[in-house]
Amino acid sequence: MNELVENNIGTLIIGKNDTWKQESNIGKRNNQNFVQIPHDRFIHQLKYKAALVGIKVLLTEESYTSRASFLDLDTIPTYKKGVQHTFSGKRIQRGMYRSKSGRLINADCNGSYNIIRKAIPNAFANGIEGAVVHPVRLNLQTN
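The opening position of the sequence shown corresponds to residue 435 in the working numbering, with each subsequent residue numbered one higher.
Below, the structure written as structure tokens:
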């Protein structure tokens, strides 16, 4: 919350899918560990802390936000079982997304920007002054 306050961010957008843990298929041990993470409790704490400092919190359904291309302004559909969708770009490796034109963007930033677009469709058309989606590379060296 301190980072949001310092950067004058008035709205926090959180992407959430209600049934995303039910169909996880990342291996038996990983599934057991993953479903134990209390995401709802974490979101509740974020909402509580945001309310204390006057920050508005929006929850939005986040399906396909990592697969759609933010740079190409792909339409971001809502998940329906059995329906296949195609997108103009694709994730080419861990942490890297390539748009239709070949431009590269950090995959997490691509997904984050698309979550914003899904929650507030005109967000980038009307301009956003600041967003806490500015990745920083840290080189940690131990002596």
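We put the beta carbon where it would ideally sit given N, CA and C, even for glycine. The structure displayed is predicted, hence computed values, not measured ones.
Presumed contact (8 Å Cβ cut-off) between residue i and residue j, rounded CB distance
i: LEU493; j: ILE448; result: 5 Å
i: GLY444; j: ILE477; result: Their Cβ separation, rounded to whole angstroms, is 18 Å, which puts GLY444 and ILE477 out of contact at 8 Å.
i: HIS519; j: TYR547; result: Contact doesn't hold; Cβ gap of about 18 Å is too wide.
i: ARG532; j: GLY523; result: 6 Å
Alpha-carbon to alpha-carbon, residue j and residue i
i: GLN470; j: GLY461; result: 14 Å
i: LEU480; j: ILE539; result: 27 Å
i: VAL567; j: ALA541; result: Here the model assigns VAL567 a pLDDT of 48, short of 50, so the residue's position is not dependable and the matter cannot be decided.
i: ALA565; j: ILE510; result: Confidence is the limiting factor: at ALA565 the pLDDT is only 48, short of 50, which leaves the residue's position unreliable and the question unanswerable from this model.
i: TYR482; j: LEU446; result: 12 Å
i: CYS543; j: PRO472; result: 24 Å
i: ARG475; j: GLU495; result: 17 Å
i: THR512; j: ILE526; result: 23 Å
i: LYS534; j: PHE521; result: 9 Å
i: MET530; j: ASN556; result: 25 Å
i: GLU563; j: LEU438; result: With a pLDDT of 49 at GLU563, under the threshold of 50, the predicted position of this residue should be treated as unreliable, and no value is reported.
Assigned secondary structure, residue i (DSSP; H/G/I helix, E/B strand, else coil)
i: LYS514; result: coil
i: ASP482; result: In the sequence as presented, Asp is not what sits at residue 482; that position holds Tyr. Note: TYR482 maps to helix in three-state DSSP.
i: ILE477; result: helix
i: LEU438; result: helix
i: ARG501; result: coil
Any chain B beta carbon closer than 9 Å to residue i
i: LYS483; result: The structure shown has no chain B; it contains just one protein chain.
Per DSSP, cross-strand counterpart(s) of residue i
i: LYS524; result: ARG532
i: LEU538; result: ARG532
i: LEU446; result: VAL491
- Any contact of the segment 539 to 554 with the segment 495 to 502, i.e. 3+ C-beta pairs under 8 Å? yes
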